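For the sequence shown, the working numbering assigns the number 12 to the initial residue and increments by one for each residue that follows.
Below is one structure; the comments refer to it alone.
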Amino acid sequence: MKTTIKNVIGLLVFIFLFASCSQKQEQSLEEMLKDSKQQDKVVAIMAENHDLSKKYINKMMESDHSTGMMVDVLVSAAAEDSVLAGKLSDMITKFPALMLMTTHHFMPIIAADDHMCDGFCDHAMEEPKMAEKMCHKMKETEEKSCCH
Numbered sequence: 012m013k014t015t016i017k018n019v020i021g022l023l024v025f026i027f028l029f030a031s032c033s034q035k036q037e038q039s040l041e042e043m044l045k046d047s048k049q050q051d052k053v054v055a056i057m058a059e060n061h062d063l064s065k066k067y068i069n070k071m072m073e074s075d076h077s078t079g080m081m082v083d084v085l086v087s088a089a090a091e092d093s094v095l096a097g098k099l100s101d102m103i104t105k106f107p108a109l110m111l112m113t114t115h116h117f118m119p120i121i122a123a124d125d126h127m128c129d130g131f132c133d134h135a136m137e138e139p140k141m142a143e144k145m146c147h148k149m150k151e152t153e154e155k156s157c158c159h
C-alpha cells in the first residue's frame, strides 16, 4: 500500500513538473520573441531554410492582409530593382490569363497618360504581328479606321 501511494505521488509530481516545464518552454518562446535580436535570428533561420520558408509563405497566403503586404513589398522592390522586375515579368509570362487580366486592368491607366500611351504604342508597333492585328481590328470598326 505504501509503495502504491509513493508511486502515485511520484507520478503526480512527475506530471506536475512535466506540465510546468512545458508551460515554461511556451512562455520562454514568447518571451524570446519579444527581443528584436532573437526575432532577427528566427527570421534569418526561416529565410535560409527552404522548407520553413515554404511553410511560412503558405501560412501568409491564407491571410488577405499578409498577401497584400507581400504584393506591396514585391512590387515596390521591383520598381527599384530591374533584376527583380525581370524575374517578376518572367514569372507573369508563365500565366497567360494573368497577363491578359493585368494588361486589361492597366489599359485605362496607360490611356490616361500621354507618355505611357506613347510608350505602349511604340512597344506594340515593335511587334509586327501585334501591330498588324491592331490595324486589322481598327479597320473592322468604322469609327476607329485609321490604318492605311
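Think of the CB as a built atom: it goes at the ideal place given N, C-alpha and C, for glycine as much as any other residue.
Keep in mind it's a predicted model, so treat the numbers as computed, not measured.
Neighbourhood of residue i by C-beta distance below 8 Å, restricted to the same chain and skipping five residues each side
i           : result
residue 49  : 43
residue 109 : 103
residue 64  : 57, 58
residue 60  : none
Range of the contiguous alpha helix (DSSP H) that encloses residue i
i           : result
residue 59  : 47-59
residue 151 : 139-151
Chain-order list of residues whose beta-carbon lies under 7 Å from that of residue i (same chain, five-residue window excluded)
i           : result
residue 121 : 127, 128, 131
residue 151 : none
Separation of residue j from residue i, as counted between CA atoms
i           : j           : result
residue 68  : residue 78  : 9 Å
residue 124 : residue 114 : 15 Å
residue 95  : residue 111 : 21 Å
residue 138 : residue 81  : 33 Å
residue 99  : residue 85  : 9 Å
residue 54  : residue 135 : 43 Å
Proximal residues to residue i (C-beta, below 6 Å), its chain only, five neighbours per side dropped
i           : result
residue 162 : Residue numbering for the chain in the displayed model covers 12 to 159; residue 162 lies beyond these limits and cannot be assessed.
Mind pulling the alpha helix (DSSP H) runs of 4 or more residues that sit fully within the stretch 79-113?
-> 93-103
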